[in-house]
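Asker: Mind the numbering: the sequence shown is residues 234 to 464 in the numbering used here, read in order. Below are the C-alpha cells for one structure; questions will follow.
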Amino acid sequence: EHGVRVYGFHGTSHAYVARTAAEQLGKAPHACNLITAHLGNGASISAIQDGRSVDTSMGFTPLPGLIMGTRSGDVDPALIFYLSARLEMPLAEIDALLNKRSGLVGICGDNDLRDIEARVAAGDEEAKLALDMYAYRIRKYIGAYAAALGRVDALVFTAGVGENSSLVRREACCGLDLLGIALDEEKNQAAVRGRSGPIHSAKSRVAVLVIPTNEELEIARQVVDLLAPAG
Ligand code: AMP
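Laid out in C-alpha cells, this is it:
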C-alpha cells in the first residue's frame with residue numbers, strides 16, 4: 234500500500250561484478266553462486282544464487298547492513314525509540330545522526346579509509362576500533378550469506394575500499410578458513426589502484442576476486458538488452 238519493500242541499492246554494481254566474476258570463473262552467470270561486496274563510501278553486500286541476487290544488506294533505504302563512511306548500518310531499531318524518549322531527540326535529528334554522523338565517522342571522526350588506515354598505522358586506538366568494527370560486520374555478512382547460499386564459487390570485492398584496501402580485505406576474510414576462504418597475502422597487496430585479479434591462495438575452496446566496478450557500462454549493456462528486438 235505504501236511502497237515499503239526491501240529495494241536494495243548498488244544493483245548495477247553488483248550485477249556488473251557478478252557478470253565479470255562469471256567470465257573470470259569460466260562459468261555461465263546462471264551457474265554461479267557469489268557473494269559480492271561493494272565497499273565504497275556507501276557499502277552493501279549481496280548473495281547471488283544461480284546468477285540472481287537473493288539477499289542484499291541494504292533495504293527500504295540505504296541505511297541498514299554494513300558499517301559505512303557515515304551511515305550506521307544495522308542497529309537495534311529500538312535505539313530510535315530510546316533516543317526519542319530519553320534524549321527527546323527529534324526524529325529528523327535521529328535520521329541525520331544515523332545517516333550522516335554514524336558509521337566510521339561516528340566511531341573515529343574520519344570516514345575515508347585512507348585516513349583511517351594512516352591513523353591505524355600510527356597506533357590510533359579509535360581508528361583501530363573503527364576498522365575492526367567495519368571488518369567484523371563484513372565478515373558476519375559473508376558468513377550469513379555463505380549459509381544462505383550453501384555453496385559459494387567466489388567472493389568479490391569492489392568499489393573504492395574493496396578495490397584499494399588490502400587491509401580491509403585481509404581483515405574481512407580473517408578467520409574464514411572454515412568457509413574455505415583463504416587469501417594469498419602477496420596477491421592481496423598487489424591488487425590495488427586498478428590492478429585487479431584473484432587474491433585467494435592455492436588452498437582456498439572459494440575464489441576471492443578484486444573486480445573494479447563499472448556501473449556506466451552495466452547501465453549501457455542493460456539499455457542495449459532492453460532495446461534489442463524481441464525474439
Ligand atoms: P566510492 O564510493 O566507491 O568512490 O569509494 C570511496 C571511498 O573509497 C573513499 O571514501 C575511501 O574510503 C575509499 N578509498 C579510495 N581509495 C582508497 C585507497 N587507496 N585505500 C583505501 N581506501 C580507499
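For each residue, glycine too, the CB sits at the ideal point set by N, CA and C.
#1: Can you list, in chain order, the stretches of the beta strand (DSSP E) that have 3 or more residues and sit fully within the region 309–368?
#2: Look at Ser290 and His247 and say whether their C-beta atoms are less than 8 Å apart.
#3: Do you know offhand how far Gln455's Cα is from Glu321's?
#4: Going by Cα to Cα distance, which pick from Ala392, Arg370, Tyr378 is closest to Arg428?
#5: Determine, using beta carbons only, whether Thr269 and Glu451 come nearer to each other than 8 Å.
#6: Could you tell me the alpha carbon to alpha carbon distance between Gly339 and Ile300, rounded to whole angstroms?
#7: Are Gly298 and Ser277 closer than 8 Å when you measure CB to CB?
#8: Do Leu416 and Val441 count as a contact pair if the criterion is CB distance below 8 Å?
#9: For the ligand HEM, enumerate in chain order all residues having a CB closer than 5 Å to any of its heavy atoms.
#10: Expressed to the nearest angstrom, what Euclidean distance is found between the alpha-carbon atoms of Val425 and Leu272?
#11: In three-state DSSP terms, what is Ala465?
#12: Considering only their Cβ atoms, is the gap separating Thr253 from Ile444 smaller than 8 Å?
#13: DSSP on Ser290, reduced to helix/strand/coil?
Answerer: Short version:
#1: none
#2: Position 57 of the sequence shown holds residue 290. Position 14 of the sequence shown holds residue 247. Not in contact: Ser290 and His247 (Cβ atoms no closer than 8 Å).
#3: Residue numbering aside, residue 455 sits at position 222 when the sequence shown is read from its first letter. Residue numbering aside, residue 321 sits at position 88 when the sequence shown is read from its first letter. Using only the alpha carbons, I get a separation of about 47 Å.
#4: Here residue 428 refers to the residue found at position 195 of the sequence shown. Of the listed residues, the one whose Cα sits closest to Arg428 is Ala392.
#5: Translated into the one-based positions of the sequence shown, residue 269 becomes position 36. Translated into the one-based positions of the sequence shown, residue 451 becomes position 218. Cβ distance not < 8 Å, so Thr269 and Glu451 don't count as in contact.
#6: Against the sequence shown, residue 339 aligns to sequence position 106. Against the sequence shown, residue 300 aligns to sequence position 67. Taking the straight line from one Cα to the other gives about 10 Å.
#7: Within the sequence shown, the letter at position 65 stands for residue 298. Within the sequence shown, the letter at position 44 stands for residue 277. It is a contact, given that the beta carbons lie within the stated cut-off.
#8: For the purposes of this step, residue 441 is taken as the residue at position 208 of the sequence shown. For the purposes of this step, residue 416 is taken as the residue at position 183 of the sequence shown. Going by C-beta atoms, Val441 is nearer than 8 Å to Leu416.
#9: By its list of ligands, the structure shown excludes the ligand HEM, since it contains just the ligand AMP.
#10: Counting from 1 along the sequence shown, the entry for residue 425 is found at position 192. Counting from 1 along the sequence shown, the entry for residue 272 is found at position 39. Cα-Cα distance, rounded: 14 Å.
#11: A question about residue 465 goes unanswered here, because the residues of the chain that appear run from 234 up to 464.
#12: Position 211 of the sequence shown, counted from the first residue, corresponds to residue 444. Position 20 of the sequence shown, counted from the first residue, corresponds to residue 253. A contact, by the Cβ cut-off of 8 Å.
#13: On the sequence shown, residue 290 is found 57 positions in, with the first residue counted as 1. Looking at Ser290 - three-state DSSP - the assignment turns out to be coil, as it is neither helix nor strand.
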